[in-house]
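Undergrad: What follows is a structure written as structure tokens; I'll ask about it next.
Residue numbers (our numbering): 6 to 412.
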């Protein structure tokens, strides 16, 4: 009885101590556990916000300035080109197999009063190149532009070379020089070798001449047509985006006559042609929701996949498996019999095994989104090549509600 009484007393004391501690803490969970719960809640909320943002972008597009999705007609760049010579190469220029190089050099020297027979002139420190550049709109004489040079002979490298002054014209009229290109060529790489071995970084036969083009004349630019009409052309044809752009311009500038002609062009009628610069400047800064067409772009050469827009998946079942073939080779030494005049040989013995891995099966729910598709591929743990095959199969089956473009 005494033992029992002591046990009851001990239990009572323990309960009293626990009750006092519980009362002091107010029944709260430990601090580290509370922090973990708060962190999980924050992660869940961030995940919800991310999902909502993705669904919003898929449905309505993304807010962008009009200048980022289109440009005004007439204000465009032009490609100019010419052919010239890069000199000063360290034995990496064109060989005798490219007679155009020595002929071009002989012609250049002749213009400066020096007669040279191309058949008797040999040098490996020159290379014939094509020279290209982008002539920006409203280009004024004296402005500098970047130049790109590309070897068209068999030169090994343009490293250390200097481009001789080269006139650049258009494909329509090459006799008019819109710019003169010259300067040191920068290739951002190298090509070295000796005794049959070589090492190369980047592409040594293509280079740039920063600010190497001196503009001689600009291209006539017309961006106001008729009685004060300017045309805004979208980069990507889309009727929804064209409608949104028209509505945004009409809302911001009620005095302008705005018409969406088609999926690309929006015509803006101004009260006076003198307002063109002001109107263009303000229109470019307007924000609209650019619609994105559901598109999947596949580059099978590089294994690159880009999925964009409001891509949706219909109900489908994906079963993916792989056939694995292994070939093991073992080398066995064959000894000749005594007194047989034979020699010791090494004989390979190959063993081939083939087996198919169990397929991974995933059921796609109806109206699955781009986010769901990414999670499916992540769960299946497949390579880019496998993803390409699955996407093509889904497109052929009709479950992939997007346009597939294969590059």
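Beta carbons: idealized from backbone N, C-alpha and C, even for Gly.
Fair warning: this is a prediction, and the values are worked out from it, not measured in the lab.
(1) On a CA-only basis, which of 305, 128 and 52 is nearest residue 103? Give me that one, please.
(2) Could you name the residues of the same chain whose beta carbon sits closer than 6 Å to that of residue 1, not counting the 5 residues immediately before and after it, in chain order?
(3) Which residue marks the beginning of the alpha helix (DSSP H) containing residue 256, and which one marks its end?
(4) Classify residue 294 as helix, strand or coil using the three-state DSSP reduction.
(5) What did DSSP end up calling residue 140 once you bin it into helix, strand or coil?
(6) Please determine if the stretch 214–229 and the stretch 131–148 are in contact, where contact requires at least 3 C-beta pairs separated by less than 8 Å.
(7) Are at least three pairs of beta-carbons, each pair with one atom in the stretch 176–196 and one in the stretch 122–141, less than 8 Å apart?
(8) Name the two residues that bound the continuous alpha helix (DSSP H) containing residue 111.
(9) For residue 262, which residues from the same chain have a beta carbon less than 6 Å from its beta carbon, with the 5 sequence-adjacent residues on both sides left out?
(10) Can you tell me the Cα-Cα spacing of residue 235 and residue 54, whole angstroms?
(11) Is DSSP giving residue 274 helix, strand or coil here?
(12) Please classify residue 282 as buried or exposed, where buried requires at least 16 neighbouring CB atoms within 10 angstroms.
(13) With the cut-off set at 7 Å, would you say residue 76 and residue 226 are in Cβ contact?
(14) Mind checking residue 402: buried by the 16 CB within 10 Å criterion, or exposed?
(15) For residue 161, list the residues DSSP reports as bridge partners.
(16) For the beta strand (DSSP E) holding residue 312, just list the boundary residues, first then last.
(17) On the three-pair Cβ rule with 8 Å, is the stretch 295–309 touching the stretch 239–249?
(18) Which class does residue 400 belong to by DSSP, given the choice of helix, strand or coil?
(19) I want to know whether the stretch 244–257 touches the stretch 170–189 - three or more CB-CB distances under 8 Å.
(20) In the DSSP assignment, find the beta strand (DSSP E) that holds residue 186 and state where it starts and stops.
(21) Do residue 82 and residue 141 have their beta-carbon atoms positioned less than 7 Å apart in this structure?
(22) Looking only at C-alpha atoms, which of 90, 272 and 318 sits nearest to residue 254?
(23) For residue 124, count neighbouring C-beta atoms within 10 Å of its own C-beta (all shown protein chains included) and say buried if the count is 16 or more, exposed if not.
(24) Using the beta-carbon count (16 or more within 10 Å), is residue 97 buried or exposed?
(25) With a threshold of 16 other CB atoms inside 10 Å of the CB of residue 396, please say whether the residue is buried or exposed.
(26) Tell me residue 373's beta-bridge partners as DSSP assigns them.
(27) I'd like to know whether the C-beta atoms of residue 71 and residue 288 end up nearer to each other than 7 Å.
(28) Using CA coordinates, which residue listed in 407, 270, 88 and 166 is at the minimum distance from residue 319?
(29) Which residues in the same chain as residue 14 place their Cβ atom closer than 7 Å to its Cβ, once the five residues preceding and following it in sequence are excluded?
(30) Work out the CA separation of residue 213 and residue 109 for me, nearest whole Å.
(31) Considering just the uninterrupted stretch of the beta strand (DSSP E) at residue 155, what are its terminal residues?
(32) Take residue 126 and list the residues in its own chain whose beta-carbon comes closer than 8 Å to its own, dropping the five residues that flank it on each side.
(33) Per the DSSP calculation, residue 302 is bridged to which residue(s)?
(34) Cα separation between residue 40 and residue 313?
(35) Tell me which residue opens and which closes the beta strand (DSSP E) that residue 235 is part of.
TA: In short:
(1) In the chain shown, counting from the first residue as 1, residue 103 sits at position 98. Taking only the C-alpha atoms, the option nearest residue 103 is 128.
(2) The structure shown does not extend to residue 1, since the chain spans only 6 to 412, so no value can be given for it.
(3) Indexing the chain shown from 1 puts residue 256 at position 251. Run containing residue 256: 244–257, per the alpha helix (DSSP H) assignment.
(4) To locate residue 294, count along the chain shown from 1; it is residue 289. Strand, per DSSP.
(5) By one-based count along the chain shown, residue 140 stands at place 135. Strand, per DSSP.
(6) yes
(7) As far as the Cβ criterion goes, the stretch 176–196 touches the stretch 122–141, which means the pair count is three or higher.
(8) Here residue 111 refers to the residue found at position 106 of the chain shown. Where residue 111 is concerned, the enclosing alpha helix (DSSP H) stretches over 104–116.
(9) Counting from one through the chain shown, the residue named residue 262 turns up at place 257. Excluding residues within five positions, the ones whose Cβ falls inside 6 Å are 274.
(10) Locating residue 235 in the chain shown gives position 230, counting from the first residue. Locating residue 54 in the chain shown gives position 49, counting from the first residue. Cα to Cα, the separation comes out at about 41 Å.
(11) Taking the chain shown and counting its residues from 1, one reaches residue 274 at position 269. Here residue 274 sits in strand by DSSP.
(12) Translated into the one-based positions of the chain shown, residue 282 becomes position 277. Exposed, because fewer than 16 other Cβ atoms sit within 10 Å of the Cβ of residue 282.
(13) Your numbering for residue 76 matches position 71 in the chain shown. Your numbering for residue 226 matches position 221 in the chain shown. No, they are not a contact pair.
(14) For this step, residue 402 is matched to residue 397 along the chain shown. Counting other Cβ atoms within 10 Å of its Cβ, residue 402 stays below 16 and is therefore classed as exposed.
(15) In the chain shown, residue 161 corresponds to position 156, counting from 1. Per DSSP, none; premise fails for residue 161.
(16) As a working mapping, residue 312 is identified with position 307 in the chain shown. Here the beta strand (DSSP E) through residue 312 covers 309–313.
(17) yes
(18) Counting from one through the chain shown, the residue named residue 400 turns up at place 395. Three-state DSSP puts residue 400 in a helix.
(19) no
(20) Within the chain shown, numbered from 1, the residue matching residue 186 stands at position 181. Here the beta strand (DSSP E) through residue 186 covers 184–189.
(21) Taking the first residue of the chain shown as 1, we reach residue 141 at position 136. Taking the first residue of the chain shown as 1, we reach residue 82 at position 77. In this structure, residue 82 lies closer than 7 Å to residue 141 by Cβ.
(22) Within the chain shown, numbered from 1, the residue matching residue 254 stands at position 249. Nearest option by C-alpha distance: 272.
(23) Indexing the chain shown from 1 puts residue 124 at position 119. Label assigned to residue 124: exposed.
(24) Here residue 97 corresponds to residue number 92 of the chain shown, with the count starting at 1. By the 10 Å Cβ count, residue 97 comes out buried.
(25) The residue given as residue 396 occupies position 391 in the chain shown. Classification for residue 396: buried.
(26) Looking up residue 373 in the chain shown gives position 368. Paired residues: 318.
(27) Here residue 71 corresponds to residue number 66 of the chain shown, with the count starting at 1. Here residue 288 corresponds to residue number 283 of the chain shown, with the count starting at 1. Going by C-beta atoms, residue 71 is nearer than 7 Å to residue 288.
(28) Within the chain shown, residue 319 is the residue found at index 314, counting from 1. The shortest C-alpha separation from residue 319 is found at 407.
(29) Position 9 of the chain shown, counted from the start, is the residue given in the question as residue 14. In this prediction, residue 14 scores a pLDDT of 44, lower than 50, which makes its location untrustworthy; no coordinate-derived value is stated.
(30) Within the chain shown, numbered from 1, the residue matching residue 109 stands at position 104. Within the chain shown, numbered from 1, the residue matching residue 213 stands at position 208. If I take the Cα positions, the gap works out to 21 Å.
(31) Residue mapping note: residue 155 aligns to position 150 of the chain shown, counting from 1. Run containing residue 155: 149–156, per the beta strand (DSSP E) assignment.
(32) Along the chain shown, read from residue 1 onward, the residue named residue 126 stands at position 121. Excluding residues within five positions, the ones whose Cβ falls inside 8 Å are 107, 110 and 111.
(33) As a position in the chain shown, residue 302 is number 297, starting the count at 1. 311 and 410.
(34) The sequence position of residue 40 within the chain shown is 35, counting from 1. The sequence position of residue 313 within the chain shown is 308, counting from 1. Going from the Cα of residue 40 to the Cα of residue 313 covers about 37 Å.
(35) Within the chain shown, the letter at position 230 stands for residue 235. Counting along the chain, the beta strand (DSSP E) containing residue 235 begins and ends at 234–239.
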